[in-house]
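Okay, structure first, notes after.
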Amino acid sequence: MRLIPLIFLLACFCVHAQNSRFFPQEQLLIPACNNQEDPDCVENFFQEKVYDFLNDSLHYDAFSKFKKDTLKTYITLVFNDDGKMENDLSFVSVGEKEFNTEKGPELKTLLSDTLKVKLINRKPLPDISEHAFRFSYRIVKDTNALRLTKLPIKENYTGGYIEEFPRFTDCKEVARGEEKSCFQQQLFNHIRNNFQYPKSASGEGAQGTVYVTFTINEKGRVTNIQTRGRRADLEFEAGRIIRMLPPVEPGKRNGKPAEKVFSIPIGFRLN
40 MRLIPLIFLL
50 ACFCVHAQNS
60 RFFPQEQLLI
70 PACNNQEDPD
80 CVENFFQEKV
90 YDFLNDSLHY
100 DAFSKFKKDT
110 LKTYITLVFN
120 DDGKMENDLS
130 FVSVGEKEFN
140 TEKGPELKTL
150 LSDTLKVKLI
160 NRKPLPDISE
170 HAFRFSYRIV
180 KDTNALRLTK
190 LPIKENYTGG
200 YIEEFPRFTD
210 CKEVARGEEK
220 SCFQQQLFNH
230 IRNNFQYPKS
240 ASGEGAQGTV
250 YVTFTINEKG
260 RVTNIQTRGR
270 RADLEFEAGR
280 IIRMLPPVEP
290 GKRNGKPAEK
300 VFSIPIGFRL
310 N
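Note that the numbering used here gives residue 208 to position 169 of the sequence shown, counting from 1, and the numbers run on in steps of one.
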């Protein structure tokens, strides 16, 4: 009779120890939310800040050239111990290519210059908490003007998360914190070992860069491959290389398998 409670206690201890790395999640305390732990307030604060920035940019010519009527923003922020944004580790993307090329860095600079937060539940290195926000806005084109409306948020912010990169077979034994560099090296090796310059392009002396976006899903398989380049033959070759990627151990978010989107350039250069 005494063995059952002992096993139960041991099981509880193991689960708690496993979760303590990820939970409670790192939280941002900002003055706009009275420095209180309130993920909804933090999310609304960033949505409004992006909305104001975009409204100030409505006169920008690229706005009127959007092919779609929805503008999507992707923001992933990392903060140092002093509550300042880590620019090298943070990511900001806003709208389509031409718009994002100019306005993406502007929004990132605005956030970096104006944000100063306090952190609670800070995670020790090598773990790094990322704070992700995904907002969408409808572009309404009136006769003489443009205006924006906010769209409902599909995935609510709950706090920072710890993301682990997918692992190739050769990366399974690397130390925590080194998954990203190992993944990048193995991806580079895969591209180099499987690269074939299309004869149709080399015969014409054609060169260029193809931008490839793809997802590694929760099962570790490559899906949703998209390519963008100036020649169909170069795009096909870049897509072929990525389609050949072997199954990998999937990435994780707070310890659970999660899909991860990658965007990489593949260059075609003749010596």
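Don't be surprised by glycine CBs; every beta carbon is placed ideally from N, CA and C.
{"Asked": "Per-residue burial, T208 [other beta carbons within 10 Å of its own, 16 or more giving buried]", "Found": "exposed"}
{"Asked": "8 Å Cβ cutoff met for F138 and F85", "Found": "no"}
{"Asked": "8 Å Cβ cutoff met for P205 and T248", "Found": "no"}
{"Asked": "Collapsed DSSP secondary structure at N139 in the structure displayed", "Found": "helix"}
{"Asked": "Residue span of the beta strand (DSSP E) that contains A71, given as start and end", "Found": "No beta strand (DSSP E) holds A71; DSSP gives it neither H nor E."}
{"Asked": "Nonlocal neighbours in the same chain, by C-beta distance under 7 Å from G306, ignoring five residues either side", "Found": "T248"}
{"Asked": "Sufficient close CB pairs (3 or more, under 8 Å) joining the region 70 to 85 to the region 185 to 201", "Found": "yes"}
{"Asked": "Collapsed DSSP secondary structure at V213 in the structure displayed", "Found": "coil"}
{"Asked": "Other residues of its chain near A297: CB distance less than 8 Å, five sequence neighbours each side excluded", "Found": "E202, E257, P289, G290, K291"}
{"Asked": "Run of the alpha helix (DSSP H) containing V24, from where it starts to where it stops", "Found": "This structure leaves residue 24 out entirely; the chain is present only between 40 and 310."}
{"Asked": "Outcome for L97 when other beta-carbon atoms lying within 10 angstroms are tallied against a minimum of 16", "Found": "exposed"}
{"Asked": "Opening and closing residue of the beta strand (DSSP E) in which G306 lies", "Found": "299 to 307"}
{"Asked": "Length at least 4, wholly inside the region 228 to 278: the alpha helix (DSSP H) runs in chain order", "Found": "238 to 241"}
{"Asked": "CB contact flag (N126, S151, <8 Å)", "Found": "yes"}
{"Asked": "Coil, strand or helix - F222 by DSSP", "Found": "helix"}
{"Asked": "Beta-carbon contacts of L158 that lie in its chain and below 8 Å, excluding the five residues immediately before and after", "Found": "E65, Q66, L67, L68, F118, D120, G122"}
{"Asked": "Cβ separation of L226 and V261, assumed to be a contact under 8 Å, to the nearest whole Å", "Found": "Incorrect: roughly 11 Å between the Cβ atoms, too far for contact."}
{"Asked": "Neighbourhood of K211 by C-beta distance below 8 Å, restricted to the same chain and skipping five residues each side", "Found": "E288"}
{"Asked": "Backbone secondary structure at R282 - three-state DSSP", "Found": "helix"}
{"Asked": "Residues bridged to Y113 (per DSSP)", "Found": "S132, R173"}
{"Asked": "8 Å Cβ cutoff met for F312 and L154", "Found": "In the structure displayed, the chain extends from 40 to 310; residue 312 sits before or after that span and is not available."}
{"Asked": "Cβ-based burial, L116 [other Cβ within 10 Å; buried from 16]", "Found": "buried"}
{"Asked": "Neighbour-count burial assignment, S168, 16 or more Cβ in a 10 Å radius", "Found": "buried"}
{"Asked": "Which residues DSSP lists as bridging T188, in chain order", "Found": "R177"}
{"Asked": "Nearest residue (CA-CA) to R282, options F234, N293, K88", "Found": "F234"}
{"Asked": "Cβ-based neighbour list, E218, same chain, cut-off 7 Å, excluding 5 preceding and 5 following", "Found": "E203, F204, R206, C210"}
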